[in-house]
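**Q**
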Amino acid sequence: MTAMESSIVAGRDLSTVVGIFTMTATTVGGGYINGTAESIATSGLVWTLAPFGIFIGLIVGGLVFAKKMRDQNYLTMLDPFQEVYGNTLVFMVYLASLCGDIFWTASILSALGTSLSVIVNIPLTVAIVTSSAVTIIYTMIGQMVSVAYTDIVQLIFITFGLVLSLPFILTNENVGDICQSSETWIGTFDISFAGQWWDLFVAMTLGTIPWQAYFQRVLSVRSGRQAQILSVVGACSAVILVIPSVIIGAVATNADWNKTSLGQSPMELNRGSMVLPLVLQNFTPNVVAVIGLGAISAAVMSSMDSSILGSSSMFTYNIYAHLFRTKASDRELLWIQRIAILFIGSLATLISIFVPIVYGLFILAADIVFVIVLPQLICAVYFKWTNSYGAIVGYLLGVTLRVGAGEPTINLPSFIFYPDYDVNSGQNFPFRTFAMVTSLLCIVIVSIVTTYIEKNVMSKTKYKLAEADVSTSNKQLLKLQSMDSKS
């Protein structure tokens, strides 16, 4: 066992139970529990697509990719890309994945810092830096092993904190029967937005798969069969553990906020992102609220350690060791990984403090991971005959189609107006799914065309050139022989 195997995939020796815990903890992160409560309160259950999408996505990932990747003994998600397409494409895919990880980490750190600063009166910067520093330190020290076992503790704390809070919330005198507000928290489905709904659902489902944080756990267990089990059981566990967030979101729509220190509901104050911590603060005893906030902090840390470890692992093994230092020792690579963890974690921390549109950047980056990395992954694993020409063209086309749709959360204007575009509601066409499928088809078609050109046109051209060289050589030889005979 190499040092890289030990640090990146825990020596491929995680038991099924530990694997399930770390997979579940990684999924049930800060964005998952906070975002679900927010979505229930602001948009309704009908539009809360992440829990069910992630549930299906993990199962699909387990059945389609987990065993195949684990049986190949890959170290990272980028290994099949390196085998099939080479280093240039790997570097391009890594940049997309890195942006997704950094902006995701920054967005959940920002949400945590805001929650703690408002509810516990901890300064925003102190809350973010403290949580980040603890996570960076234990990830640097133990890599995958420490992350996996701290995930167990964090998951227990998340479960305990959220479940403990429910009886106090539901029996609070200012919280009525949530069934009375069911129309609000269930939400409505407008058929005119069906394109958006399906697009988000497909992106949430299949976009769960192409992340190093997921594959790091798949590749760390002892067999392909175990990899499938932890994916499926992790999916079931994640959808069960989101139930407290769903209930808390429903409570937010039914509670009498006029009798709280807020005076109005978080949705009316445009603070929907803080629904979960505000419900804990206002409708549970102080001790329970603190434990609940601890659960949120644990969830954020379980997401952050997975992201920074994943990106640092890909950089160390697929970028540094393959592009810059092919003969680097294990000791050197371990230190490079630690430095990468520190750098990526620190960068995400700085972005969370100083960049106000970080969540919008994450949405765009996550979409690009779905649009770009997923088609490349499918082709690298299942269509190994595709080539780097197709992969690069598919990459660039996918980015163009997604960025061209615009992103209102960061005021990025559209320059591609898909069918059913509306000035007020924006893109109603399923542009994410369209961009992903188009990128996939582009990889396949361009690979077929370029392979045909290389095999037929180029080979015939080379043959004709070689034939011309032979003919010229023969003519020169005959001329020399003629001159010799005359002399």
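When we follow the UniProt record's numbering, the leftmost residue of the sequence shown carries the number 1, and every step to the right adds one.
Glycine residues also receive a C-beta, built at the ideal position from the N, C-alpha and C atoms.
1. For the candidate residues SER220, THR205 and VAL279, whose alpha-carbon lies nearest to that of LYS259?
2. If you pair each beta-carbon of the segment 237-256 with each one of the segment 77-90, do three or more pairs fall below 8 Å?
3. ARG338 lies in the alpha helix (DSSP H); which residues open and close that run?
4. Just to check my reading of the structure: ILE410 and ALA96 have Cβ atoms closer than 8 Å, yes? What is that Cβ distance to the nearest angstrom?
5. Looking at C-alpha atoms only, which residue of SER261, LEU293 and ILE351 is the closest neighbour of ASN282?
6. If the criterion is Cβ atoms closer than 9 Å, does the pair THR253 and SER265 meet it?
7. Should THR326 be labelled buried (16 or more other beta-carbon atoms within 10 Å of its own) or exposed?
8. If you run the structure through DSSP and keep just helix, strand and coil, what is ASP177?
9. Taking just the CA atoms, how far does PRO413 sit from THR27?
10. Is the number of C-beta pairs between the segment 390-406 and the segment 153-169 that are closer than 8 Å three or more?
11. Go to ASN258, then tell me how far its alpha helix (DSSP H) extends in each direction, as first and last residue.
12. Pair every Cβ in the segment 189-201 with every Cβ in the segment 318-325, then say whether three or more of these pairs are closer than 8 Å.
13. Please report the straight-line C-alpha distance between CYS442 and GLY398, rounded to a whole angstrom.
14. Going by C-alpha distance, which of ALA289, ARG432 and SER43 is nearest LEU364?
15. Locate the alpha helix (DSSP H) running through GLU5, then write down its first and last residues.
16. Per DSSP, what kind of secondary structure is ASP367 in: helix, strand or coil?
17. Alpha carbon to alpha carbon, how far is LEU465 from ILE453?
18. Just to confirm, are VAL251 and GLY30 a CB contact at a threshold of 9 Å?
19. Need the endpoints of the alpha helix (DSSP H) that PHE429 sits in, please.
20. Where does PRO356 land, buried or exposed, given buried means 16+ other C-beta within 10 angstroms?
21. Sort MET4, SER439 and VAL437 by Cα distance to SER220 and report the nearest one.
22. Can you tell me which of the three DSSP states LEU241 falls into?
23. Hey, how far is the Cα of MET267 from the Cα of GLY62?
24. Whose C-alpha, out of THR451, ILE122 and ASP420, is nearest the C-alpha of SER192?
25. State the Cα-Cα distance for the pair LEU14 and LEU98, rounded to the nearest angstrom.
26. Near ALA50, what residues of its chain come up, given a Cβ to Cβ distance below 6 Å and the 5 sequence neighbours on each side ignored?
27. Using a Cβ-Cβ cut-off of 6 Å (strictly less than) and excluding sequence neighbours within five positions of ALA66, which residues of its own chain qualify?
28. Give me the Cα-Cα distance between ARG212 and SER312, rounded to the nearest whole angstrom.
29. Does the beta-carbon distance from GLY249 to GLU407 come in below 9 Å?
30. Excluding five sequence neighbours on each side, which residues of the same chain lie with their C-beta closer than 7 Å to the C-beta of GLY142?
31. Does the separation of the CB atoms of ILE341 and THR139 fall below 9 Å?
32. What number of angstroms, rounded off, separates the C-alpha of ILE128 from the C-alpha of PHE324?
33. Just the Cα atoms here: how many angstroms apart are SER132 and ILE445?
34. Contact check, ILE308 vs THR105 under 8 Å by CB: the rounded distance?
35. Helix, strand or coil: which one does DSSP assign to VAL221?
36. Near ASP330, what residues of its chain come up, given a Cβ to Cβ distance below 7 Å and the 5 sequence neighbours on each side ignored?
**A** Quick answer:
1. VAL279
2. Three or more Cβ pairs closer than 8 Å define a contact, and the segment 237-256 falls short of that threshold against the segment 77-90.
3. Element bounds for ARG338: 330-354.
4. Contact annotation, ILE410 with ALA96: C-beta distance approximately 17 Å; criterion of less than 8 Å not satisfied.
5. SER261
6. yes
7. THR326 should be labelled exposed.
8. coil
9. Their Cα atoms are separated by approximately 32 Å.
10. no
11. From DSSP, ASN258 is part of no alpha helix (DSSP H); its letter is neither H nor E.
12. Contact fails: fewer than three Cβ-Cβ distances are below 8 Å.
13. In a straight line, the C-alpha of CYS442 is about 9 Å away from that of GLY398.
14. When only C-alpha atoms are compared, the closest one is ARG432.
15. 3-9
16. Collapsing the DSSP output to three states places ASP367 in a helix.
17. Summary for LEU465: the model assigns pLDDT 49, below 50, so the residue's position carries little reliability, and this model does not support an answer.
18. No, the pair does not count as a contact, with Cβ atoms beyond the cut-off.
19. Element bounds for PHE429: n/a, residue is neither H nor E.
20. exposed
21. MET4 is the residue among MET4, SER439 and VAL437 whose C-alpha sits nearest the C-alpha of SER220.
22. helix
23. C-alpha of MET267 to C-alpha of GLY62: approximately 37 Å in a straight line.
24. Answer by Cα proximity: ASP420.
25. 25 Å
26. Taken in chain order, the residues that qualify are MET204.
27. VAL218, ALA227, GLN228 and SER231
28. Looking at the sequence shown, residue 212 is not Arg but Gln. Cα-Cα distance, rounded: 10 Å.
29. no
30. none
31. yes
32. Rounded to whole angstroms, the separation of the alpha carbons of PHE324 and ILE128 is 33 Å.
33. 44 Å
34. 7 Å
35. strand
36. Here the set comprises THR2, ALA3 and MET4.
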